[in-house]
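Chains as they are written, first to last, in my numbering: chain A, 1 to 92; chain B, 1 to 92. Glycine included, C-beta positions come from ideal geometry on N, C-alpha and C. A quick note: this is a predicted structure, and the numbers were derived from the prediction, not measured.
There are 2 protein chains.
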Amino acid sequence: MQLLGKRWTGLILFQLLSGPQRFSEIESALPVSGRLLTERLKELEKEGLVNRRIYAEVPVRVEYSLTDKGLALEPIFRDLQNWAEKWVEIQS
Amino acid sequence: MQLLGKRWTGLILFQLLSGPQRFSEIESALPVSGRLLTERLKELEKEGLVNRRIYAEVPVRVEYSLTDKGLALEPIFRDLQNWAEKWVEIQS
C-alpha cells in the first residue's frame, strides 16, 4: 500500500468521506490538477478503496465514492486530524 | 508534514514506539540502508518527532527516541494496523 503515501491520495480519500462526488466536485474542492486527480482516482479504484459508478443519463454522470475498505480508513483520518490540531503549528 | 508520506518514515516511527534505540538497533530491525536511515532520522528530528540523545561514554552512545509529538502518533499507527489486518491481503 505505498499508494497511501503518495501526494494527494490522503486528501482525495478525506474529501470522499463526505459522500459520493462527481469528478468536477472533487476537482473544485482540492487544489490538484485534473490529470493528477484522474491518475490517483484510477489507482484508488485499482486498490479497491474507491468505487467509480457511471449513471446512464444524458449527459452521462460519473460518481466516485469510498468502498467499505476506503470507509474503514475514517478512524485514521480522525486521529490524524486530532494529532495535527494538537501538534502542527499553522504557518502564517 | 509531507515527511509522513515519505518512504520508511512511518516504519521508523513505528519501530521507535517500542522505546529508545541506538542507530544500529533501528538499522537491523528495518531493511533500510544506513544512508537513508540517517537522512530520515535527521528529518524527523528537525520536525520535532524524534529526539537524538548523546551519552558521554566511551565509546560514545547515541540513542533515538520519540518526542511527545511523535508518541502522540501512536493511535494512528494502531488504527492503520487494525485497518491493514482487516483489509489488506498478504501477498504470498
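Check                                                                                                                          : Outcome
In DSSP terms, what residue 65 of chain A is bridged to                                                                        : A:51
Distance between residue 17 of chain A and residue 74 of chain A (C-alpha atoms, nearest Å)                                    : 7 Å
Alpha carbon of residue 28 of chain B to alpha carbon of residue 77 of chain B, nearest angstrom                               : 21 Å
Residue 64 of chain B burial status per 10 Å Cβ neighbour count (16 or more: buried)                                           : buried
Residue of B:21, B:48 and B:89 minimising C-alpha distance to residue 68 of chain B                                            : B:48
Residue 45 of chain B versus residue 26 of chain B - alpha carbon distance                                                     : 15 Å
Chain-ordered chain A contacts of residue 69 of chain B [CB-CB under 8 Å]                                                      : 87
Straight-line Cα distance separating residue 83 of chain A from residue 23 of chain B                                          : 27 Å
Rounded separation between residue 33 of chain A and residue 39 of chain A - CA only                                           : 10 Å
7 Å Cβ cut-off: residues of chain A touching residue 44 of chain B                                                             : Simply none; closest approach about 13 Å.
Span separating the alpha-carbon of residue 79 of chain A from that of residue 58 of chain B                                   : 42 Å
Cβ-based burial, residue 41 of chain A [other Cβ within 10 Å; buried from 16]                                                  : buried
Member of A:51, A:56 and A:60 whose CA lies at the smallest distance from the CA of residue 19 of chain A                      : A:51
Cβ neighbour criterion (16 or more within 10 Å) applied to residue 66 of chain B                                               : buried
Own chain partners of residue 15 of chain A with C-beta closer than 8 Å, once the 5 adjacent residues on each side are dropped : 21, 26, 29 and 30
Inter-residue Cα distance where the pair is residue 56 of chain B and residue 62 of chain B                                    : 9 Å
Selection from B:53, B:7 and B:54 that minimises the alpha carbon distance to residue 36 of chain B                            : B:7
Under 9 Å between C-beta atoms of residue 70 of chain A and residue 3 of chain A                                               : no
Cutoff 6 Å; reference residue 86 of chain A; Cβ partners in own chain excluding five residues on either side                   : none
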